[in-house]
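Student:
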Amino acid sequence: MKLTEGQQEAVERAQKGGSFKVVAMAGAGKTTTLRAIAEALPGPILYLAFNSSVAREARTKFPNNTVVSTLHSLAFRNFLKDRPEMLLKFEERAGVILVKDIMEYLDLPQELYGIPRFGLASAVKATLERFLTSAEPAPTPDMVPGTLLSLVEEKRKPKLTAAVLGFTQAAWEAMRNPGHPMPLSHEGYVRLWAEAGAPGLDRFHTVLVDEAQDLSPSLMNPLLAYYQKGGQVIAVGDPNQAIYGWRGAVDALTRLPGEEVYLPESFRFGPEVAGYAQAILEAKGWRGPALKGLGGPSKVVRGVGLPRAGTAWLYRTNAGVVKMAAELAAKGYGIEVVGGLEATAKLIEAGVELMEGKRPKHPELAVFKDYREFWQAADMDPNLKSLRNLLDRYGKRSLDLVKEAQKGTKKKRVDYILSTTHKAKGLEWDSVLLGDDYPDSDAGEELNLRYVAATRARRVLDVRHW
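In this text, residue positions in the sequence shown follow the UniProt record's numbering: the first is 1, and each later residue adds one.
Okay, structure coming up:
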């Protein structure tokens with residue numbers, strides 16, 4: 001395949017040995033560019049993939065001079081596996097830390113400034129998670145959930161903040177202590193790896209950072225240190241596809257050194273879909289080059305009735321996915337839900353049990369004695385908040401909906417695919433229908449979600465709800 005002008009420029013820059021950034025817009029042949037860079041360099045090269053599925057696919061495409069790894073795999077191999085006591089802490093709970101662990105292993109008061117113990121524990125867990133993925137040496141006030149602070153008078157906020165930060169530091173000390181029963185999370189061992197000087201990173205001549213617009217902040221300091229020692233860092237991503245800021249991700253394209261090379265040509269879709277996506281970019285104030293659709297024929301439609309078989313329905317929320325999956329399954333259609341429904345179904349069942357006054361056995365919800373406690377704690381946990389939104393919208397009917405949806409996933413044929421936009425990142429389909437639950441917001445990350453959703457389509461983009 002002949003490289004575009006931008007792709008060729010990226011390869012030539014890489015051969016000169018300097019660090020730089022590649023802004024690859026949706027469908028612009030990012031993997032092709034990275035592979036061409038790897039083939040043009042002597043190595044050894046580290047390609048840091050965004051997740052395990054991307055890493056698996058990349059291993060079949062990259063040359064032998066390139067080690068393909070996720071950040072977590074890199075930290076596991078070069079830090080955790082050689083520390084048996086810490087490895088045991090991690091394996092005992094598979095890297096999961098729950099609110100009940102915070103309550104069990106920290107000496108929290110029954111109440112603090114009117115905040116019950118479970119609410120305080122939820123806030124400490126949320127603060128700990130933000131700290132572990134940050135580049136800060138200690139927990140900072142901006143990591144404390146604003147929803148917690150909004151529950152107390154202004155004069156009490158500094159003391160409540162200080163208390164949460166103190167408990168968060170105690171939780172981290174317990175987590176990193178080999179002899180303490182506090183579980184070690186995935187982000188915990190990545191942070192320990194980073195604090196140890198990122199062992200294993202310096203054996204590579206070049207590091208290729210994929211999806212750099214959604215980088216874990218805990219990787220920033222190791223990458224900058226690697227660069228300052230003479231390592232070559234090539235960061236690839238699209239700032240318009242940054243959709244994980246809610247969990248602390250940062251756009252490394254604005255923080256890493258080097259000039260930018262733009263890849264605005266998309267081979268995924270044609271001019272009409274590109275024009276629709278470009279309008280979203282202009283709404284968010286994008287100042288880079290315009291997106292160009294160089295793929296096959298494509299069209300933007302406002303369909304009526306059911307779309308053609310094989311269409312992917314994309315939604316902003318899990319609630320949107322579950323509701324439409326149930327409706328399609330009830331009509332006899334076979335469906336595939338990206339990421340599956342099993343984990344969602346178990347959470348919904350536990351949530352409904354709380355609504356019915358029962359104590360669920362689900363590990364994430366077992367800590368709550370009633371639905372009110374869960375409802376309040378959900379403000380500080382994105383996963384719980386997603387569940388709460390679904391339960392608030394559909395109530396006990398939520399369980400019926402997800403059970404109906406599961407019937408559709410058991411059929412031999414697949415008529416339709418359903419996914420949230422977050423889970424659809426990196427995927428593409430010939431026909432895409434955009435759901436009705438995207439908020440009418442001009443917030444940057446919401447517009448990014450719209451852009452990501454619209455650019456999943458290769459041939460037909462149905463915008464009937466937009």
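The beta-carbon is built from N, C-alpha and C at its ideal position, and this holds for glycine as well.
What's the C-alpha gap between S53 and R156?
Tutor: The straight-line gap from Cα to Cα measures roughly 46 Å.
Student: Evaluate the contact criterion for the stretch 140-150 versus the stretch 400-410: three or more CB pairs, one atom per stretch, below 8 Å.
Tutor: Segments in contact, no.
Student: Within the continuous beta strand (DSSP E) that includes D430, where are the two ends?
Tutor: Start and end: W429 to L434.
Student: To the nearest angstrom, report how far apart P307 and E428 are at their CA atoms.
Tutor: Roughly 16 Å between the two C-alpha positions.
Student: Along the chain, where does the beta strand (DSSP E) that runs through V352 open and close?
Tutor: That residue, V352, is in no beta strand (DSSP E); its alpha helix (DSSP H) goes E342 to M355.
Student: Look up K292 in the DSSP assignment and give the residues it is bridged to.
Tutor: Per DSSP, E265.
Student: How many angstroms separate the CA atom of A14 from the CA atom of F79?
Tutor: If you take the alpha carbons of A14 and F79, they lie about 29 Å apart.
Student: Taking all protein chains shown into account, decide if P139 is buried (16 or more other Cβ within 10 angstroms of its Cβ) or exposed.
Tutor: Flag for P139 reads buried.
Student: Do three or more CB pairs link the stretch 445-457 to the stretch 276-290 at distances below 8 Å?
Tutor: Yes, since at least three Cβ pairs between the stretch 445-457 and the stretch 276-290 fall closer than 8 Å, the two stretches touch.
Student: Can you tell me where the alpha helix (DSSP H) holding residue 468 begins and where it ends?
Tutor: Lying before the first or after the last residue shown, residue 468 is absent from the chain, which here runs from 1 to 466.
Student: Flag this pair as yes or no: are the beta carbons of A235 and A252 separated by less than 7 Å?
Tutor: Yes.
Student: Applying the 10 Å Cβ sphere with the 16-neighbour rule, what's the burial state of S376?
Tutor: Just to set this straight, residue 376 is Gln in the shown sequence, not Ser. Result: buried.
Student: Alpha helix (DSSP H) containing A58: first to last residue?
Tutor: Its alpha helix (DSSP H) spans residues S52 to R59.
Student: Within the same chain, show all residues whose beta-carbon is closer than 8 Å to that of A24, passing over the 5 residues directly before and after it, in chain order.
Tutor: If we look at A24 and ignore the five residues flanking it on each side, its Cβ neighbours are K30, T33, V236, G237, D238 and L263.
Student: Report the three-state DSSP secondary structure of I335 (helix, strand or coil).
Tutor: Strand.
Student: Ordered along the chain, which non-local residues of its own chain (more than five positions away) have a Cβ less than 6 Å from that of residue 469?
Tutor: The structure shown does not extend to residue 469, since the chain is modelled only from 1 through 466, so no value can be given for it.
Student: If you draw a straight line from the alpha carbon of S218 to that of L224, how long is it in whole angstroms?
Tutor: Between S218 and L224, the C-alpha separation is close to 11 Å.
Student: On the three-state DSSP scale, how would you describe D214?
Tutor: Helix at D214.
Student: According to DSSP, is Y47 part of a helix, a strand, or is it coil?
Tutor: Three-state result, Y47: strand.
Student: If you count every other CB in all the chains shown that lies within 10 Å of the CB of H465, and 16 or more means buried, which is it?
Tutor: Per the 10 Å Cβ criterion, exposed.
Student: Quick one, which of V460, I417 and M355 has its alpha-carbon nearest G339's?
Tutor: Nearest of V460, I417 and M355 to G339, Cα basis: I417.
Student: Please report the distance separating the alpha-carbon of D415 from that of K425.
Tutor: Distance between the alpha carbons of D415 and K425 is about 21 Å.
Student: Under a three-way DSSP split, which group does L132 fall into?
Tutor: Residue state, collapsed to three classes: helix.
Student: Tell me the residue span of the beta strand (DSSP E) that contains F20.
Tutor: Residues F20 to A24.
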